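Peer 1: A single structure is presented below for examination.
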Amino acid sequence: MPAGGFSASSGMDFEAKITPMVITSCVTAATGGLMFGYDIGISGGVTAMEDFQREFFPTVLRKRRENKGSNYCRYNNQVLQLFTSSLYLAGLVSTLFASYTTRRLGRRATMRIAGGFFIVGVVFNGAARNLGMLIVGRILLGCGVGFANQAIPLFLSEVAPTTIRGGLNTLFQLNITIGILFASLVNYGTNNIHPWGWRLSLSLAGFPAMLLTLGALFMVDTPNSLIERGHLVEGKVVLKKIRGTNNVESEFNEIVEASRIAHDVKHPFCSLLQRRNRPLLTITVMLQMFQQLTGINAIMFYAPVLLTTLGFKTEASLYTTVITGAVNVLSTLVSMYTVDRVGRRMLLLDASMQMFLSLVAMAVVMRTKVTDRSDVIDHNWAIMVVIIICNFVSSFSWSWGPLGWLIPSETFPLETRSAGQSICVCTNLLFTFVIAQVFLSMLCHLKSFIFVFFSVCVAIMSLFVLFFLPETKNIPIEKMVERVWKQHWFWKRFMNEGCNNHAISGEGTPSTVSLYS
Ligand code: BGC
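Residues in the sequence shown are numbered consecutively from 292, following my numbering.
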């Protein structure tokens, strides 16, 4: 250990085994992703169910039965969209509070709060007698998502040994995709249960909610959080247990030092706005905004609705959603394997090209094969549509899906990590909300051109990646400023000004370990 007590060396030097405790903690925490995914995947199928529409949205059902007006506008109902989008609005507000609880009460406590919100939300939704109960349930679930998405990626990054941090971080996205798939399988089954199949769909969210809540009761908090909150002895004991070794002194000291810097930062959100933090903030906001502007959630939320618009029968549209859900899960595994080998930029650029072509193809098929009034789509064209959607979903799943969460989490230093993660979740949920709220109206007005809109967004984001996103593959977090940001042709101008960069570079920081131990 250097005299300073704080090693600026890479975190890769720390001794760590892959212990059962790390695996069980990460698997348990990642079940929060399952809950997020289930919420994303369930609403599209439920809103397409006739029993559900009869109970809460009779005008939508009437319009659908009368078959009047354009196919593209059958589901254009602001309140129907609010059912889906209210969850994300609640989530984006609650994540700002979650930033506080994550810092002050810990990651584990924040997950427990999330679990509590989920369970109450599920009860409201499953038992809903009117639209009010339904929306209140969605808002409570949204609060759960806000708290869970804030705490879980941080928990995973802090508990995982450095060498497998990328893989374990993608575990969160993997759980999101499993949740989406599980939801579409549930919808496929409950669609034939009348008249309360939709209740079962909404109530089964209780399963992932219980998993997270029970898990959070038994798991340990991260050493970083324990130490940051002054529990040094407990923090060291936990660190030894999760690393499977008594040789944790250097990692322990590094966390203590990072906590000291974090304590000096009284207003993490203001600190984020400082010039030297702007590149990190910009990349986080842009990645999350672009992730949503790919149009992925137009598919995830509204695939059943979109496919019935295209002329698929309700059942066909539901099992197509199951197929795309499976593609989503499998492609995420590809990402887990390749992300540390080929790098982030390569995956993002390659996938953007594939997504651009899929979106243009989708626009062409809709323009030429779906008329405003036809009610069926030719079998061969139906298969073509499914292939295009699968191609789009798979390229998203091994790129923008996991990397939208991974890159921000490997960029922020401890003192702004919690606030940075909050901005990351907030931006994600803000744009998820916007897409959920306006997609059906956009479909009604833009018709097939909606996919041209998304393809233009994908082209712009490819250029952004090409020019502004630095490669962060295999760079230790502590070296990020020196080896990435200070070398980048554009961002270096933000890094070289001011002399207070030690807080984010990890350099030149005096040790205060002695103050704590
Ligand atoms: C996104 C979600 C999306 C999901 C699809 C996540 O990374 O944040 O909005 O629905 O991926 O798998």
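Glycine included, each C-beta is placed from N, C-alpha and C at the ideal position. Given the structure is predicted, the values throughout are model-derived calculations rather than measurements.
1) May I ask which residues mark the beginning and end of the alpha helix (DSSP H) holding residue 786?
2) For residue 644, which residues from the same chain have a beta carbon less than 8 Å from its beta carbon, with the 5 sequence-adjacent residues on both sides left out?
3) Contact between the segment 305-314 and the segment 553-568: three or more CB pairs below 8 Å?
4) Output the boundary residues of the alpha helix (DSSP H) element that contains residue 771.
5) Can you name the start and end residues of the alpha helix (DSSP H) that residue 314 belongs to?
6) Give me, in chain order, the residues of the same chain whose beta-carbon lies closer than 7 Å to that of residue 376; leave out the 5 immediate sequence neighbours on both sides.
7) For residue 410, which residues from the same chain have a beta carbon less than 8 Å from its beta carbon, with the 5 sequence-adjacent residues on both sides left out?
8) For residue 612, collect the residues of the same chain with a Cβ closer than 6 Å to its Cβ; drop the 5 residues on either side in sequence, then sort them by chain order.
9) Would you call residue 606 buried or exposed, if buried means 16 or more other Cβ atoms sit within 10 Å of its Cβ?
10) When the Cα of residue 506 is compared with those of 407, 697, 549 and 351, which residue comes out closest?
11) Is there a C-beta anywhere in chain D that falls below 9 Å from the one on residue 461?
12) In the DSSP assignment, find the unbroken alpha helix (DSSP H) run with residue 457 in it and report its ends.
13) Following the continuous alpha helix (DSSP H) through residue 712, name the residue where it begins and the one where it ends.
14) Which ranges does the alpha helix (DSSP H) cover as unbroken runs of at least 4 residues, wholly within the segment 379-426, from first to last along the chain?
15) Does the contact criterion of 3 or more C-beta pairs under 8 Å hold for the segment 337-355 versus the segment 673-689?
16) On the premise that residue 446 lies in contact with residue 350, defined as a C-beta separation below 8 Å, what is that separation, rounded to the nearest angstrom?
17) Please go through the same chain and pick out, in chain order, the residues whose beta-carbon is closer than 8 Å to the beta-carbon of residue 426, but skip the five residues on each side of it.
18) Could you give the distance in angstroms between the alpha-carbon of residue 701 and the alpha-carbon of residue 382?
19) Could you give the DSSP three-state label for residue 498: helix, strand or coil?
20) Is residue 595 near the ligand BGC, in the sense that its beta carbon is under 8 Å from a heavy atom of that ligand?
21) Tell me whether the segment 708-718 and the segment 621-629 touch, counting them as touching only if at least three CB pairs, one residue from each stretch, are closer than 8 Å.
22) How do the segment 735-751 and the segment 571-579 stand: do at least 3 beta-carbon pairs fall below 8 Å, yes or no?
23) How many Å lie between residue 693 and residue 461 at the Cα?
24) Would you call residue 389 buried or exposed, if buried means 16 or more other Cβ atoms sit within 10 Å of its Cβ?
25) Rounded C-beta distance between residue 824 and residue 379? I'm assuming under 8 Å.
26) Is the distance from the Cβ of residue 730 to the Cβ of residue 584 below 9 Å?
27) What is the DSSP secondary structure of residue 587, counted as helix, strand or coil?
28) Using DSSP with H/G/I as helix, E/B as strand and the rest coil, what is residue 546?
29) At the level of alpha carbons, what is the spacing between residue 592 and residue 519?
30) How about residue 696: is its Cβ closer than 8 Å to a heavy atom in the ligand BGC?
31) On the premise that residue 385 lies in contact with residue 434, defined as a C-beta separation below 8 Å, what is that separation, rounded to the nearest angstrom?
32) Pop quiz: residue 432 and residue 412 are said to be a contact at Cβ under 8 Å. What is the actual Cβ separation, rounded to whole angstroms?
33) Out of 580, 559, 420 and 458, which has the shortest C-alpha to C-alpha gap to residue 755?
34) If we call anything under 9 Å between Cβ atoms a contact, is residue 619 one with residue 472?
35) I need the DSSP call for residue 602, collapsed to helix, strand or coil.
36) Expressed to the nearest angstrom, what Euclidean distance is found between the alpha-carbon atoms of residue 673 and residue 534?
Peer 2: The relevant details are as follows:
1) Run containing residue 786: 783-786, per the alpha helix (DSSP H) assignment.
2) 753
3) Under the three-pair Cβ rule at 8 Å, the segment 305-314 does not count as touching the segment 553-568.
4) 771-774
5) 311-338
6) 724, 727 and 728
7) So the list reads 497, 500, 501 and 504, once near-sequence residues are dropped.
8) 475, 594 and 595
9) exposed
10) 407
11) Among the chains of the structure shown, chain D does not appear; only one protein chain is present.
12) Per DSSP, residue 457 belongs to the alpha helix (DSSP H) from 456-481.
13) Start and end: 705-737.
14) The DSSP assignment places complete alpha helix (DSSP H) segments of no fewer than 4 residues inside the segment 379-426 at 398-417, in order along the chain.
15) Contact fails: fewer than three Cβ-Cβ distances are below 8 Å.
16) Contact flag wrong, Cβ pair sits at about 44 Å.
17) Cβ neighbours of residue 426 beyond the five flanking positions: 373, 374 and 377.
18) C-alpha separation (whole angstroms): 23 Å.
19) helix
20) no
21) no
22) no
23) Residue 693 and residue 461 have their C-alpha atoms spaced approximately 6 Å apart.
24) buried
25) There is no way to answer for residue 824, as the model of the chain reaches only from 292 to 808.
26) no
27) helix
28) The answer is helix: DSSP assigns residue 546 an H, G or I state.
29) 39 Å
30) yes
31) 4 Å
32) The pair is a contact, with the Cβ atoms about 4 Å apart (cut-off 8 Å).
33) Nearest to residue 755 by alpha-carbon distance, out of 580, 559, 420 and 458, is 580.
34) yes
35) Residue 602 sits in coil when the DSSP states are folded into three classes, being neither helix nor strand.
36) 52 Å
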